[in-house]
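Student:
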Amino acid sequence: MFALAALIAAPGTLSAEETLALPTGDMVLTRVLERSLADGKSIIVERQWIVRFDRTETGIAILGRQLSARVDAPPSLRQFAELEERRSTSAMFPILLDVQGRIVSAGRPADGNLRQAAYATATDALASTFKDTAGLADAREGLAHLQKSSESWLTQLPQDLFYPAAQGSHMAKDLALDGGLKGSFTLDYDAKASADGAWLSSAERQVTTAIGGQRKVSREIWTLSRD
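Residue 150 in my numbering sits at position 115 of the sequence shown; the count goes up by one each step and never skips.
Here it is as structure tokens:
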């Protein structure tokens with residue numbers, strides 16, 4: 036499995052005389068995460084944090100606190116949605132960047148409640164597709180493997196999130212699974228810097244997985260704006 040840092044292009048190297056500019060005062064960091072479900076519906080989570088950029092001896096520290104959390108989910112998944120809305124994200128901060136603006140230390144914006152909900156609906160859909168027990172078992176195992184691979188990308192912050200690289204990236208991988216099943220996942224990532232400086236304006240990352248006729252898309256959008 037490829038490490039996320041190798042999949043996302045890193046920013047150009049600064050010379051010894053250059054120093055990254057910092058946005059001043061409080062900023063609002065927003066993350067919108069959308070996960071498609073096997074029944075065609077989706078779960079959407081929007082979180083906002085108040086963040087501040089401070090310069091340190093080794094780079095930049097981003098301090099933050101959660102401002103709001105909102106989950107839009109089908110009624111059948113309301114239990115998962117309520118758990119996700121109450122979940123603390125304080126472990127994300129502080130986020131530490133090096134002098135090039137690359138993330139060197141950060142907590143994960145994990146969303147385990149949503150992953151559990153999405154996996155449950157996907158396995159239910161597979162049960163209606165595979166009538167034999169052996170085929171269903173192989174499909175479920177393959178789904179779990181694909182989910183683990185793709186989630187390793189979405190549960191880590193892009194290394195250049197706060198100071199975007201000049202270009203995005205695309206990765207695709209096919210997998211041969213047990214029982215003759217075939218699976219695949221792709222990753223697309225693109226980010227744009229603010230017109231006011233080199234820091235983040237918006238970034239979008241999309242992971243698509245497919246197995247046994249089931250296709251799932253997870254997409255997240257990050258934005259950084261003035262309070």
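We treat Cβ as the ideally placed atom computed from N, Cα and C, and that holds for glycine.
None of the values given here were measured: they were computed from a predicted structure.
Name the two residues that bound the continuous alpha helix (DSSP H) containing E92.
Tutor: Residue 92 sits at position 57 when you count from the first residue of the sequence shown. No alpha helix (DSSP H) contains E92, which DSSP labels as neither H nor E.
Student: Quick check: the region 213 to 229 against the region 109 to 121, are there 3 or more CB pairs under 8 Å?
Tutor: The region 213 to 229, when compared against the region 109 to 121, does not touch it at the 8 Å Cβ threshold.
Student: The alpha helix (DSSP H) that contains F6, what's its start and end?
Tutor: Limits of the chain in this structure are 36 at one end and 262 at the other, which puts residue 6 out of reach.
Student: Which one or two residues does DSSP pair with R250 in a beta bridge?
Tutor: Here residue 250 refers to the residue found at position 215 when the sequence shown is read from its first residue. Bridge partners of R250: A245.
Student: How would you label K227, buried or exposed, when you count the other beta carbons within 10 angstroms and need 16 or more for buried?
Tutor: Here residue 227 corresponds to residue number 192 of the sequence shown, with the count starting at 1. Exposed.
Student: Under a Cβ-count criterion, where at least 16 other Cβ atoms within 10 Å of its own Cβ denotes burial, should V80 be classed as buried or exposed?
Tutor: As a position in the sequence shown, residue 80 is number 45, starting the count at 1. Per the 10 Å Cβ criterion, buried.
Student: For L98 and F88, I'd like the C-alpha separation in whole angstroms.
Tutor: One-based indexing of the sequence shown puts residue 98 at position 63. One-based indexing of the sequence shown puts residue 88 at position 53. Looking at the two C-alpha atoms, the distance is approximately 7 Å.
Student: Going by alpha carbons, who is nearest to T124 out of A116, E92, Q83, V106?
Tutor: Counting from 1 along the sequence shown, the entry for residue 124 is found at position 89. When each option's Cα is compared against that of T124, the closest is Q83.
Student: Using beta-carbon positions only, say whether W257 and A238 come within less than 8 Å of one another.
Tutor: Translated into the one-based positions of the sequence shown, residue 257 becomes position 222. Translated into the one-based positions of the sequence shown, residue 238 becomes position 203. For W257 and A238, yes; Cβs fall inside 8 Å.
Student: Write down the C-beta distance between D195 and G136 rounded to the nearest angstrom, noting that I regard them as a contact closer than 8 Å.
Tutor: Here residue 195 refers to the residue found at position 160 of the sequence shown. Here residue 136 refers to the residue found at position 101 of the sequence shown. So it is a contact: roughly 7 Å between Cβ atoms.
Student: With burial defined as no fewer than 16 other Cβ atoms inside 10 Å of the residue's Cβ, what is the status of V139: buried or exposed?
Tutor: Sequence index remark: in the sequence shown, residue 139 carries index 104 (1-based). By the 10 Å Cβ count, V139 comes out exposed.
Student: According to DSSP, is L196 part of a helix, a strand, or is it coil?
Tutor: For this step, residue 196 is matched to residue 161 along the sequence shown. Coil.
Student: Are the beta-carbon atoms of Y224 and G248 separated by less than 8 Å?
Tutor: Looking up residue 224 in the sequence shown gives position 189. Looking up residue 248 in the sequence shown gives position 213. Not closer than 8 Å, so no.
Student: When the distance is taken between beta carbons, is V63 closer than 8 Å to L102?
Tutor: For the purposes of this step, residue 102 is taken as residue 67 along the sequence shown, with counting starting at 1. For the purposes of this step, residue 63 is taken as residue 28 along the sequence shown, with counting starting at 1. Yes, Cβ-Cβ distance for L102 and V63 is below 8 Å.
Student: Are the CB atoms of L57 and R105 within a distance shorter than 8 Å?
Tutor: Position 70 of the sequence shown, counting from 1, holds the residue named residue 105. Position 22 of the sequence shown, counting from 1, holds the residue named residue 57. It is not a contact, given that the beta carbons lie outside the stated cut-off.
Student: For R100, does the count of other Cβ atoms within 10 angstroms reach 16, so buried, or fall short, so exposed?
Tutor: In the sequence shown, residue 100 corresponds to position 65, counting from 1. Burial call: exposed.
Student: Can you tell me the Cβ-Cβ gap for D61 and T93, rounded? I've got them flagged as a contact below 8 Å.
Tutor: By 1-based counting over the sequence shown, the position of residue 61 is 26. By 1-based counting over the sequence shown, the position of residue 93 is 58. Wrong, their Cβ atoms sit about 23 Å apart, outside the cutoff.
Student: Determine the direct distance from the alpha carbon of L72 to that of T244, and round the result to whole angstroms.
Tutor: The count along the sequence shown starts at 1 and reaches residue 244 at position 209. The count along the sequence shown starts at 1 and reaches residue 72 at position 37. For T244 and L72, the distance between alpha carbons rounds to 12 Å.
Student: Could you check if A200 is buried or exposed, using at least 16 other CB atoms within 10 Å of its CB as the buried criterion?
Tutor: Residue 200 sits at position 165 when you count from the first residue of the sequence shown. A200 should be labelled buried.
Student: I need the straight-line Cα distance from D107 to Q241, nearest angstrom please.
Tutor: Numbered from 1 along the sequence shown, position 72 holds the residue referred to as residue 107. Numbered from 1 along the sequence shown, position 206 holds the residue referred to as residue 241. Using only the alpha carbons, I get a separation of about 19 Å.
Student: Please state whether the Cβ-Cβ distance between S77 and R70 is less than 8 Å.
Tutor: Residue mapping note: residue 77 aligns to position 42 of the sequence shown, counting from 1. Residue mapping note: residue 70 aligns to position 35 of the sequence shown, counting from 1. Yes, these two residues count as a Cβ contact at 8 Å.
Student: Is R105 helix, strand or coil when you go by DSSP?
Tutor: Position 70 of the sequence shown, counted from the start, is the residue given in the question as residue 105. Strand.
Student: When we look at the beta-carbon of A207 and count the other beta-carbons within 10 Å, is it buried (16 or more) or exposed?
Tutor: Within the sequence shown, residue 207 is the residue found at index 172, counting from 1. A207 should be labelled exposed.
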